[in-house]
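First up is the structure itself, then whatever we jot down about it.
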Amino acid sequence: QLKNNQSQKDGNADYVENMPKMEPSNAHSKPLDIVPSHDEKMIDRGQWGNKIEFVLSVAGEIIGLGNVWRFPYLCYKNGGGAFFIPYLIFLFACGIPVFFLETALGQYTSEGGITCWRKVCPLFEGVGYATQVIVALLNVYYIVVLAWAIFYLFNSFTWDLPWASCNNTWNTGERGNSSITLHENATSPVIEFWERRVLRISSGIDHIGALNWDLVACLAVAWVICYFCIWKGVKSTGKVVYFTATFPYVMLIVLLIRGVTLPGASRGIHFYLYPDLGRLSDPQVWMDAGTQIFFSYAICLGCLTALGSYNKYNNNCYKDCLCLCFLNSGTSFIAGFAIFSILGFMSYEQNVPISEVAESGPGLAFIAYPRAVTMMPFSPLWACCFFVMIVFLGLDSQFVCVESLVTAMVDMYPSVFRRKNRRELFILAVAVVSFLVGLIMLTEGGMYVFQLFDYYAASGMCLLFVAIFETVCIGWIYGAERFYDNIEDMIGYRPGPIIKYCWLFFTPGTFAFALIKYSPLKYNNEYVYPLWGDGVGWILALSSMLCIPLWMAGKLYFTPGTLKERPSYLAQLLWGNPKASLVQMRNIDPSACPGSSLRSLPGWTVQSENLTRRHPDQMPEPHQLAPLNVVEQ
Numbered sequence: 001q002l003k004n005n006q007s008q009k010d011g012n013a014d015y016v017e018n019m020p021k022m023e024p025s026n027a028h029s030k031p032l033d034i035v036p037s038h039d040e041k042m043i044d045r046g047q048w049g050n051k052i053e054f055v056l057s058v059a060g061e062i063i064g065l066g067n068v069w070r071f072p073y074l075c076y077k078n079g080g081g082a083f084f085i086p087y088l089i090f091l092f093a094c095g096i097p098v099f100f101l102e103t104a105l106g107q108y109t110s111e112g113g114i115t116c117w118r119k120v121c122p123l124f125e126g127v128g129y130a131t132q133v134i135v136a137l138l139n140v141y142y143i144v145v146l147a148w149a150i151f152y153l154f155n156s157f158t159w160d161l162p163w164a165s166c167n168n169t170w171n172t173g174e175r176g177n178s179s180i181t182l183h184e185n186a187t188s189p190v191i192e193f194w195e196r197r198v199l200r201i202s203s204g205i206d207h208i209g210a211l212n213w214d215l216v217a218c219l220a221v222a223w224v225i226c227y228f229c230i231w232k233g234v235k236s237t238g239k240v241v242y243f244t245a246t247f248p249y250v251m252l253i254v255l256l257i258r259g260v261t262l263p264g265a266s267r268g269i270h271f272y273l274y275p276d277l278g279r280l281s282d283p284q285v286w287m288d289a290g291t292q293i294f295f296s297y298a299i300c301l302g303c304l305t306a307l308g309s310y311n312k313y314n315n316n317c318y319k320d321c322l323c324l325c326f327l328n329s330g331t332s333f334i335a336g337f338a339i340f341s342i343l344g345f346m347s348y349e350q351n352v353p354i355s356e357v358a359e360s361g362p363g364l365a366f367i368a369y370p371r372a373v374t375m376m377p378f379s380p381l382w383a384c385c386f387f388v389m390i391v392f393l394g395l396d397s398q399f400v401c402v403e404s405l406v407t408a409m410v411d412m413y414p415s416v417f418r419r420k421n422r423r424e425l426f427i428l429a430v431a432v433v434s435f436l437v438g439l440i441m442l443t444e445g446g447m448y449v450f451q452l453f454d455y456y457a458a459s460g461m462c463l464l465f466v467a468i469f470e471t472v473c474i475g476w477i478y479g480a481e482r483f484y485d486n487i488e489d490m491i492g493y494r495p496g497p498i499i500k501y502c503w504l505f506f507t508p509g510t511f512a513f514a515l516i517k518y519s520p521l522k523y524n525n526e527y528v529y530p531l532w533g534d535g536v537g538w539i540l541a542l543s544s545m546l547c548i549p550l551w552m553a554g555k556l557y558f559t560p561g562t563l564k565e566r567p568s569y570l571a572q573l574l575w576g577n578p579k580a581s582l583v584q585m586r587n588i589d590p591s592a593c594p595g596s597s598l599r600s601l602p603g604w605t606v607q608s609e610n611l612t613r614r615h616p617d618q619m620p621e622p623h624q625l626a627p628l629n630v631v632e633q
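At position 130 of the sequence shown (counting the first as 1) the number is 130 in full-length UniProt numbering, and the numbers step up by one without a gap.
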C-alpha cells in the first residue's frame, strides 16, 4: 500500500509538472491568489496613512476638556507651582508607563480593546470587556457637553450676548448684572442663562421633567459630525484630525494672547503659579495630582489600544508615547495661563479675590468664562473663539472613543462587520442608540443624571479598578520582561527599565491606594442624591467592574482540565514567547484555544521548539502545524 501511495504521489507530481502555465489576466507576474468567495468580500482592517495621523489622533483624544477646565484649577487649589512636584512624579510613575503599555499592546497585537487581552492572557479578557463598557457609557454622556457648547456657540453669533443682561424671558424678577460676584448674587444673568435657559434645571433627580428641544437639536448635530468623522475608519479619521486636533491650539493661542494683555492678568497668573510648598503635606494634593494624570491621559478606556493597533508593526511607539505625554502636559500648563489671565482680569474688574471667580469643570466653561467675555470689547468674538475651542476639544475625544468601541467589536466579529457598508451601519447604530439614551440628560432633571454618569460610570473607581488589573496582567502574569522582548522586536531596542518597574510595583500600588478613597456624590456641593440615586450610580460602576471577576470565574469553570491546570493554561500564550510551540494539552482540543503555550503547565515538557515567528499575524493555526514531540513528565 505504501508503494501504491508513493506511485500515486509521483503521478500527481508529474501531472502538476506538466500542467499548462496560466498567466494572470492583469499581465502581472505575481501568481493568482485563489481564495474562497466569501473571503473576497472581506474588507482590510486598515492602517494609518502615516505617523502624523496616529500622533494627531492620539493627541486629539488625550488633549481634551480636562486640560482647559480642570488642570489649571487644581494647580491654583493645591499650592500653585508646588503642585507640579506631585504631578510630575505621577506623570513618570503612572501616566507614561500605562499610556505606553496600552499603545504598545495595541500595536503588537494589531487588535482592538478586547481581543488584544484575549491574545495576551485569556484569563484577563474581562479587562477588555470592562474598558468597552466604560467607553459605551462614556459615549452616551460625554457628547452632552458638546451639545451645551454648540448651544452656547449658536447664541454667541449676536452683538448682545444673551447671558450679559437680565432682559430675557428666562430671568427672574430679581435683577442682577454679569459683573456682580458669582457667589454673592444667585440671580446673576450668567447663572440664570446656564440654569434656566440651557439646563432648565429642576429641583432634583426625582423630577426629570420635559425635554429641552434646543439641546436635542444640538446633540443631534454633535452626533452627525461625530459619525462622519469616523464612518470610513482610519481613512476618514486620519484626515479629519489634521484639522480637529490642531485648530484648538490656534484658538488657545488667540485666547492666551488676549488674556495676558488684559489688565489684572498678572494677578491671575501669580495665583496660578506661586508655589505654596506647605500644601505638599496634604495627602489630598497628591491624590489630586494622581487622578489628574489618570483622567487626562485616557488610560483604561481601550482608546489607546485601538489607535495603536492601526500602526505599522515596527513603528517606534515608545518615542511617540513620550512625545505625546509631554505634549499633553505642556498643553495643560499653557492652558493655565490662558484661563487664569482671564480670571485675573475678572478679579481686577470686580475688585474681589481670585477665589471668588475661580471655577473648574462645567462651571468654568459655561459660567466663569462666558461671564468674563461680557467684560471685554468685542465680546461675541471672544465667546465664539472660546466655544469653538471647547467644541473641537470635545469632538476629538468623542469620536475617538466611539472608534475604540467600534474597533473592539469589529475585531471580535470580523467576518460579520468587515463587509461592504456593515461597519458604517454599525457606527450608525451605535450613534442612534447612544443618542436615544442620552436624551434623558437633556431633560429638566438631566444634569443630575449627567453627574451620576460622570461620577460613577466612566471615571474614578472604575478606571482605577481596571488599571490595577492591566498592570498586574502585563507586569506579573504575562511578564514585564516578556513584554519588553515583544517591544524590542517591534522598535529594535528595549526602553529604560524604570517603566518595567512601574508596571510591576509603583503603578498598581498607587492605583490601589487611590481606589480606597470614596465620598458620596453631591451636585454643586449642595444637592445630596437620594439613596436610590446613589444605587443607580453603583449599578453603572459595577456594570464594568464586574466584567473582570465574572469573566475569570467563567473561564476557570468552562475550561477543560483539572482545577490546577486551568489557571496556568489560561494565563499563558504562545506568541508572547518567540521560541514557544503549539502543543496539545491533555483532554483539550488545541483548535478551540489557538495560540496557547503550555510551557509552564505542570506535567508537560515541550521537546521541540521549531516556531520562531513572533508577530500574531504570522502565526499559523493549530491544524497547520505538524505534531510536536510532547512527553508527559
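We put the CB at the ideal spot given by N, CA and C, even for glycine.
Going along the chain, which residues of its own chain have a beta-carbon closer than 6 Å to the beta-carbon of Gly344, five neighbours each way excluded? So the list reads Gly264, Ala265, Arg267 and Gly268, once near-sequence residues are dropped.
C-alpha distance - Val224 paired with Glu359, whole-angstrom precision: Each residue's Cα considered, the two are about 31 Å apart.
Please state whether DSSP places Val352 in a helix, a strand or coil. Here Val352 sits in coil by DSSP.
Proximity of Leu428 and Tyr227 at Cβ, strictly below 8 Å: Yes, these two residues count as a Cβ contact at 8 Å.
What does the Cβ neighbour count give for Asn212, buried or exposed, with the cut at 16 atoms within 10 Å? Answer is buried; the Cβ neighbour count reaches 16.
Give me the residue from Ile205, Ser110 and Phe83 with the minimum Cα distance to Gly537. Of Ile205, Ser110 and Phe83, the residue nearest in Cα terms is Ile205.
Leaving aside the five residues before and after Gly46 along the sequence, list all residues of the same chain whose C-beta is less than 6 Å from its C-beta, in chain order. Excluding the 5 residues flanking it on each side, Gly46 has same chain C-beta neighbours closer than 6 Å at Gly233 and Val234, in chain order.
If I follow the unbroken alpha helix (DSSP H) through Cys567, where does it start and stop? In the sequence as displayed, the identity of residue 567 is Pro instead of Cys. Where Pro567 is concerned, the enclosing alpha helix (DSSP H) starts and stops at Glu565 to Leu570.
Could you have a look at Val528 and say whether DSSP puts it in helix, strand or coil? Val528 falls in the strand class under three-state DSSP.
Inspect the CB distances between the segment 293 to 313 and the segment 125 to 134 and report whether three or more fall short of 8 Å. Contact holds: three or more Cβ-Cβ distances are below 8 Å.
Bridge partner(s) assigned by DSSP for Leu211: Answer is Thr443.
Is it right to say Pro508 is buried, meaning 16 or more other beta carbons lie within 10 angstroms of its own, or is it exposed? Classified as buried, Pro508 has 16 or more neighbouring CB atoms from the shown chains inside 10 Å of its CB.
Tyr310 and Phe100 closer than 8 Å at C-beta: In this structure, Phe100 does not lie closer than 8 Å to Tyr310 by Cβ.
If you follow the alpha helix (DSSP H) that Phe558 is in, where does it begin and where does it stop? Here the alpha helix (DSSP H) through Phe558 covers Cys547 to Phe558.
Is the separation between the beta-carbon of Phe511 and that of Leu464 shorter than 8 Å? Less than 8 Å separates the beta-carbon of Phe511 from that of Leu464.
Considering only the alpha carbon of each residue, which of Glu470, Tyr413 and Ala457 lies closest to Glu111? Ranked by Cα distance from Glu111, the options Glu470, Tyr413 and Ala457 are led by Tyr413.
Minimum C-alpha distance to Gly533 - residue among Arg418, Gly445 and Ile499: Ranking Arg418, Gly445 and Ile499 by CA distance to the CA of Gly533 puts Gly445 first.
Please classify Tyr87: does DSSP put it in a helix, a strand, or coil? Tyr87 falls in the helix class under three-state DSSP.
Contact the segment 329 to 338 vs the segment 148 to 167: 3+ CB pairs below 8 Å: The segment 329 to 338 vs the segment 148 to 167: no contact.
Sequence-distant residues of the same chain with beta carbon closer than 8 Å to Ile89, five excluded per side: Closer than 8 Å at Cβ, skipping near neighbours: Ala289.
Would DSSP call Tyr523 helix, strand or coil? In the three-state scheme derived from DSSP, where H, G and I count as helix and E and B as strand, Tyr523 is classed as strand.
How is Ala541 classed by DSSP in three states: helix, strand or coil? In this structure, Ala541 counts as helix in the three-state DSSP scheme.
Cα separation between Ala372 and Ile491? Taking the straight line joining both Cα atoms gives about 48 Å.
If you compare alpha carbons, which of Thr562, Tyr142, Ala365 and Thr291 is closest to Leu153? Of Thr562, Tyr142, Ala365 and Thr291, the residue nearest in Cα terms is Ala365.
With a threshold of 6 Å on Cβ separation, who are the neighbours of Met22 within its own chain once the five nearest residues in sequence on each side are excluded? Bear in mind that a pLDDT of 41 at Met22, under 50, signals an unreliable position, so the model cannot answer this.
Using beta carbons (cut-off 8 Å, strictly below), is Phe228 in contact with chain C? The question asks about chain C, but that chain is absent: this structure has only one protein chain.
When you compare only the Cα positions, how much space is there between Leu262 and Phe435? If you take the alpha carbons of Leu262 and Phe435, they lie about 41 Å apart.
Neighbourhood of Arg494 by C-beta, 6 Å cutoff - its chain only, sequence neighbours within 5 removed: For Arg494, where only same-chain residues beyond five positions count, the Cβ hits under 6 Å are Tyr484 and Glu488.
Beta-carbon contacts of Tyr529 that lie in its chain and below 6 Å, excluding the five residues immediately before and after: These residues qualify, in order along the chain: Leu521.
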